[in-house]
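Remarks on the structure that follows.
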Amino acid sequence: MRDPRAIALHLCAWAREELEGQQAALALLERQERAVRDRDLAGMETVSAELGKFAAKGQSRAKRRNHLLGMLAGIWQVPQRALTLGSVVERLGTDGKQLAQLRQELRDGAAQVMRTMRKVGALVAAFRRVTGDVVELLLTDEDGTSLTTGGALVDAEA
Amino acid sequence: MGSFGLDIGLRALLTAKSSLETVGHNISNANTEGYSRQDLHVSAARSLKIRGLQMGSGVNGDMVLRTEDTLLQRRIISQTSLVGRLDSMVVNMGGVEALLGEPGGFGLGGLMNDFFASVSDLSTNPEDAVYRTGMTQAATGLTSQFRQLADELSQLQTEAVDRVDFFTKEVNIRAAQIVEFNQEITKVEATGVTANDLRDQRDLALRRLAEQVDITFHENEQGAVRVLVSGQLLVGPTTVNELRAERDDDGNLELFLQGGTKPVTVGSGEIGGLLEFAESFVPGLASEIDRLARAMIVEANRAHSTGIPQSGGFQNLTGEFALMDQDNDGAVTDELLSAAGLPFELRGGVLHVNVRATANGDLVTHKIEIDPARTTVGDLIDELNDLPDLAASLDSTGRLKLNASSGHRFDFSRRLNAAPDSAGTFGSGRASTGSALQEPFNLITGSTLDLTGPASSFSITFNSADFDDMSEASASEVAAVINASPGMNTNLLRAVAQGDKVYLQTIGSGSTEGFTIDGGTAAPVLGFAAATAVSGHDTSVGVTISGSYTGEQNELYVFRPSGDGEIGTTPGLQLIVETQDGQPVATLDVGPDYLPGTPLAFADGISASFTFGSLSAADNDSFQVHAIADSDTSDVLVALGVNSLFSGTDAGTFQLREDIGADASLLSASSTGASGDNGALLEMMALASEDVQELGQSFSEFYGAVVGGVGFDISSTQNSFEVEQFLVDALDQRRAQVSGVNVDEELVDMIQFEQAFGAASQFIQIINQLYDEVLNLV
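Just so you know, the protein sequences line up as chains S and W, in that order.
First residue of the first sequence? That's 0 in numbering that gives the first Met the number 0, and the numbers climb one at a time after it.
First residue of the second sequence? That's 0 in numbering that gives the first Met the number 0, and the numbers climb one at a time after it.
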């Protein structure tokens, strides 16, 4: 496959899958936020598991995207790291019109996902810190020794 | 729009953080007494209208509230008071149980047995000095234990009362704490915040207060509680009416609240328990012990007072208890015996007084009728003073004092008079005649009795000044007037009162002795026939009474001959034995078949024997025998404390009479005065097993019932305490379920949350990297 237009069509298909992934990510993040607020332990675990599967799919998509961009870099004799969707659209000229539109949607969607992710991430971090403090309190002996910090494993055969 | 979304997130974050911090607070106070679990109450934040749309604005944490059950809390506080009362009772009653020393033989039961055993020992040999000392030592040990018990019960009572005083101070301290909490809670809650921790502390203070005194409490709208004790205000929203203990005029403890005029009735809490112990349980037990001591004093003294000491009788005796001028008129003698301040009750009855001449053993038994509701102190003293050779008076403290004249002794025993005809009115050989009529004699002033003796004729005139009531003259009054006549001395004559009759006699004996009753206006009134010549006899009848009277009633037996004749000679001669009121008891044949000197039984356990001699029915020959079952049926000796074994009136004053303790020969062991007689001791020994009048059962049964009652009270209080404590524990458990903090559950939750938050963070980080790459690409 040495025709850049054919590769552009594959990039458009990737972009559409990525846009669907963004919607799924947003939905998962919103569910996680609700679970955290509601202290819904089971909900949090379910969402975390789904996020794990979602991340695996995202990495697969990234691999495919990098392959396509690598082929374009070979055709155009440029380093792959120099290629962005914007430079690809520019080099394709009129053939990159559809990809240009998808690029804009991807940009807006990724920004939305990042904002939501920061918010939920901050919420989870705060909860994690307070919960950690409480667990520390519960596991601390009367003499002030914390069970979470006390002792070290020693290789008895050494 | 960006700012709005950020606000929602921030509110949610803060709310969730507060929720977790509340959990942390709960866990920190998991072991804090009285702490109630707290929960963050959340609600949806008010929605906002943005660009025509009603937009939700997230979540709000409204308030942190205690998880509590108000009714349960009230129930616990009320129950706590009950447990406090029972706990206090159980602790203090345990001290009483130890005092009694039963079972174990260290208490009164063993000492009572020792005392009666010592009486039994002495009864086998009443003259034995060692046994006598043994009995006084046993009596000293017994009475000492009674006094010690009374003293220790009194001390327990005093200590309990002192503790009530101490607890009232604690109540005031707790009341002050509650007022402080009231003020702080009111101040905090005025800002719209619920003062959870302060409320928990106030609840705890209320519970502590309830442990000491039963309370009711109400909360006002501002959050302050008013605490009432027995309906009176102890704690207001900002003030305390302090509790104080005072003794009333009778020495009873009363509790008052500051500003109150009516005593506060405390029925529960430790104070309630102490009051019940000090004012009901201990006095009740002390009263029973006093009752036992009084009964022992009365019963033992009843036996001892009519006994005879080793010396054979008394020359002088002084009672223990003073007769008092109760009407404050300056005189004691006008007081009725029933109202003269004596500590023991008298009954209507008789007192027998024996007066014996130490030289010849002549014994005269006198009977004094006593009616406590009619007999005055003066009457009793007069009656005693009327007895020949006995003087009665009150000493400077009002105690009855008795003195026998020189050569005489007295006692109050039921001894038989072995020679009852000391007056010589029954065939004594004297010229003797008795009045055919019996007292009272209806004489009038100026009436006369005309007699002719060996030396002269003379007339005796009766005047009202010589009698209490001349129309009801007694035989002894008439005899006294006759004997006062100079003609009687001149002619060697005398008059004697024997029973209800008057006898006129010559002083000498023999057939040459004689006198004549000429007449006079008094003769028919007295039952003497005019122109009656009376002669003596050369043989005199000797009368001997033997045996021991076993009858249950006091009796006076009158002996008279059926006709004139000689004992052991005259055919058909009989002696008629009657009671004082004329009821026939026996007819004794003393004719030819009677061998003089042979005892003839005539009543329960007693016999009479007679020597040869002449008897005359015409001359109203007679003699009397006092057969005494109880020589003091009036209990006047016990009431006056005359010849007591024990002194005192209750357990606290109970002791062996001091002079008996120093000289055991004063123990009155005998009831007849005969050598080796143990009658008084046998009466005392009977007390060991017989039901006694004052108690309705025997001493040991009564004491056993007292000890058993105490044991039952303690046991039932202990049971009640355990039941009520179980209830409090159950209520506490229920409260813990409602309000307590379960650290284990919280810990498991927290660890799971921590792990979940960790996992969520990791995935978010991965996804963040993915989208970071996408953003860099586009």
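Beta carbons are placed, not taken as given, at the ideal position from N, Cα and C, and that holds for glycine.
Close Cβ partners of residue i (< 8 Å) along its chain, the five nearest in sequence each way excluded
i, result
"W:F313", "L401, A403, R408, F409, D410, N642"
"W:R206", "G33, I75, I76, T79"
Below-8 Å beta-carbon distance, residue i vs any chain W residue
i, result
"S:L50", "yes"
"S:L84", "yes"
"S:A99", "no"
"S:E17", "yes"
"S:Q79", "no"
"S:Q31", "yes"
"S:G149", "Low local confidence applies: a pLDDT of 47 at S:G149 is under 50, so the model's placement there is unreliable, and no value is given."
"S:A54", "yes"
"S:P116", "Looking at the sequence itself, residue 116 of chain S is Met, so the reference to Pro does not match. So yes, S:M116 belongs to the interface."
"S:G92", "no"
"S:G120", "yes"
"S:M43", "yes"
"S:S47", "yes"
"S:A109", "yes"
Contact with chain S by residue i, beta-carbon distance below 8 Å
i, result
"W:V773", "yes"
"W:E32", "no"
"W:L776", "yes"
"W:N28", "no"
"W:Q751", "yes"
"W:I763", "yes"
"W:G739", "no"
"W:A759", "yes"
Pick from the options that is closest to residue i, judged by C-alpha positions
i, options, result
"W:S630", "W:L574, W:E772, W:V352, W:A528", "W:V352"
"W:F514", "W:F165, W:V495, W:G596, W:R429", "W:R429"
"W:L316", "W:G678, W:R656, W:A478, W:E682", "W:R656"
"W:L335", "W:L379, W:G311, W:G708, W:A294", "W:L379"
"W:L457", "W:A464, W:G486, W:A479, W:A472", "In the sequence under discussion, the amino acid at residue 457 of chain W is Phe, which differs from the Leu named in the question. Residue W:G486 is the option with its Cα nearest to W:F457."
"W:E228", "W:D202, W:R243, W:V265", "Checking the sequence shown, residue 228 of chain W turns out to be Val, not Glu. When each option's Cα is compared against that of W:V228, the closest is W:V265."
"W:G133", "W:R146, W:Q144, W:F114", "W:F114"
"W:V234", "W:E183, W:L274, W:A175", "W:A175"
"W:L148", "W:D333, W:F165, W:G100", "W:G100"
"W:S395", "W:V331, W:D731, W:N384", "W:V331"
"W:G83", "W:S267, W:N181, W:G596", "W:S267"
"W:V212", "W:R243, W:N219, W:D712", "W:R243"
"W:L39", "W:M62, W:H24, W:I26, W:N28", "W:M62"
"W:D649", "W:A292, W:A339, W:V706", "W:A292"
"W:Q768", "S:L68, S:V123, S:E89, S:V112", "S:V112"
"W:A223", "W:N181, W:A128, W:Y770", "W:N181"
Rounded Cβ spacing between residue i and residue j (contact assumed at less than 8 Å)
i, j, result
"W:V178", "W:A277", "Going by Cβ atoms, the distance from W:V178 to W:A277 rounds to 29 Å, so no, they are not a contact pair."
"S:L50", "W:I75", "Their Cβ separation, rounded to whole angstroms, is 50 Å, which puts S:L50 and W:I75 out of contact at 8 Å."
"W:L85", "W:T549", "Not confirmed; about 56 Å, so no contact."
"W:L362", "W:V281", "Wrong, their Cβ atoms sit about 51 Å apart, outside the cutoff."
"W:I270", "W:F166", "5 Å"
"S:E161", "S:L18", "This structure leaves residue 161 of chain S out entirely; chain S is present only between 0 and 157."
"W:P591", "W:T568", "6 Å"
"W:T865", "W:V533", "Past the edges of chain W, shown from 0 to 777, lies residue 865 of chain W, and the structure says nothing about it."
Proximal residues to residue i (C-beta, below 7 Å), its chain only, five neighbours per side dropped
i, result
"W:P784", "Lying outside 0 to 777, the shown extent of chain W, residue 784 of chain W is not represented and no answer is given."
"S:D154", "Low local confidence applies: a pLDDT of 49 at S:D154 is under 50, so the model's placement there is unreliable, with the coordinate-based value given in what follows. Taken in chain order, the list of residues that qualify is empty."
"W:L680", "V118, L121, S122, P125, A668"
"W:G647", "I296, F653, Q654"
"W:S697", "S688, E689, D690, V691"
"W:A358", "G406"
"W:V187", "A194, L197"
"W:L436", "L525, G526"
"W:D658", "L665"
"S:A34", "G42, M43, V46"
Minimum Cβ-Cβ distance from residue i to chain C less than 8 Å
i, result
"S:V88", "Protein chains in the displayed structure are S and W, and chain C is not among them."
Residues of its chain near residue i, where Cβ-Cβ distance is below 6 Å and the 5 sequence neighbours each way are ignored
i, result
"W:Q221", "T185"
| said: Check whether the stretch 114–127 of chain S and the stretch 20–30 of chain S touch, using three or more Cβ-Cβ pairs below 8 Å as the test. | reply: yes
| task | Could you tell me whether the stretch 515–534 of chain W touches the stretch 596–604 of chain W, where touching means 3 or more Cβ pairs closer than 8 Å? | result | As far as the Cβ criterion goes, the stretch 515–534 of chain W does not touch the stretch 596–604 of chain W, which means the pair count is below three.
| At least three beta-carbon pairs within less than 8 Å, the stretch 245–262 of chain W to the stretch 669–679 of chain W | no
| Should the stretch 370–379 of chain W be regarded as contacting the stretch 579–587 of chain W, the criterion being three or more beta carbon pairs within less than 8 Å? | no
| the stretch 448–464 of chain W in contact with the stretch 553–572 of chain W per 3-pair CB rule at 8 Å | no
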